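J.: Following my numbering from start to finish, the sequence shown increments by one per residue and tops out at 136.
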Amino acid sequence: MNLTVKTYPNNTVPKLNYDVLIENQEDGGVIATVLGLPDFKASGVNKEEALEKLIQLLQERKPEIVTLEIEPPQTEHPWTKFAGMFKDDPQFDEVLAYIEADRRELDAQMEEYYRQLDAEDEAK
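Below, the structure written as structure tokens:
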């Protein structure tokens, strides 16, 4: 498995955007929580104060966000090991002929069935 970590130099760090849940409390206070990061939570007497405290908390803790690119391991298709296993079998051509004949017979039966359905539809 290959793992690549993308990091950014300090002067080109992209702006971080967070979705924040604002909860009004019964006592009139407000709690702001970064969605997906429950440790990042702040409270205040109003929404603005709660958000300001949350921003301060984020800036103090300086979370580092990195992007991971993980390449899945290369796996062989499970049927690959069977490819060509009958190439030298002397009966292979006979088996193929049998399969083709059977398929033609089944196709003919289905064709007759569809003709009967069409005839019944026309009779209605």
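We treat Cβ as the ideally placed atom computed from N, Cα and C, and that holds for glycine.
Keep in mind that this is a model prediction, so the values were computed, not measured.
How would you call V42, buried or exposed, if buried means at least 16 neighbouring beta carbons within 10 angstroms?
T.: buried
J.: So is A109 buried or exposed if we call it buried at 16+ other beta carbons inside 10 Å?
T.: exposed
J.: Which residues in the same chain have their Cβ closer than 8 Å to the Cβ of V32, if we skip the five residues on either side of it in sequence?
T.: A44, T45, V46, L47, L63 and L66
J.: If you follow the beta strand (DSSP E) that E83 is part of, which residue opens it and which one closes it?
T.: T79 to E83
J.: Where L118 and K99 are concerned, what is the direct C-alpha to C-alpha distance, given to the nearest angstrom?
T.: 26 Å
J.: Just the C-alpha distance for T87 and D130, rounded to the nearest angstrom, thanks.
T.: Straight through space, the alpha carbons of D130 and T87 are spaced by roughly 48 Å.
J.: So, with DSSP's three-state summary, where would you put K93?
T.: Note: K93 maps to helix in three-state DSSP.
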